[in-house]
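Residue numbers (this note's numbering): 15 to 116.
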């Protein structure tokens, strides 16, 4: 499990984006993805989510998806909010060597 401290605006952005990610997985009938996102939502509400590396990967890949970008008000090539948030999370996870064991 890896814990990442979120800034208030990052927490707000995640709380805004995670329901879109859950919708995407629900539409794909990917139950495991829906369950993972529900776990993420609960963790993000704490302000310092603690998730295993698979959850972090799912989160970052999901935020990078065209679906989430479109739901954030842009076409996939112009919406930068999810990309910036993913980049910040990846940097913090790398600082903690979250993916070193893999």
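Note that the Cβ used here is the ideal one computed from N, Cα and C, for glycine as well.
Between the beta-carbon of residue i and the beta-carbon of residue j, is there less than 7 Å?
i, j, result
"residue 64", "residue 17", "yes"
"residue 81", "residue 54", "no"
"residue 86", "residue 72", "no"
"residue 15", "residue 66", "yes"
"residue 19", "residue 62", "yes"
"residue 35", "residue 70", "no"
For residue i, collect the residues of the same chain with a Cβ closer than 7 Å to its Cβ; drop the 5 residues on either side in sequence, then sort them by chain order.
i, result
"residue 100", "74, 77, 78"
Report, in whole angstroms, the separation of the C-beta atoms of residue i and residue j, which I expect to be a contact under 8 Å.
i, j, result
"residue 105", "residue 93", "The pair is not a contact, with the Cβ atoms about 20 Å apart (cut-off 8 Å)."
"residue 24", "residue 102", "7 Å"
"residue 43", "residue 96", "Going by Cβ atoms, the distance from residue 43 to residue 96 rounds to 23 Å, so no, they are not a contact pair."
If you run the structure through DSSP and keep just helix, strand and coil, what is residue i?
i, result
"residue 29", "helix"
"residue 86", "coil"
"residue 24", "helix"
"residue 19", "coil"
Let's see if you can read the secondary structure: which residues bound the alpha helix (DSSP H) around residue i?
i, result
"residue 53", "45-58"
"residue 112", "Element bounds for residue 112: n/a, residue is neither H nor E."
"residue 74", "67-77"
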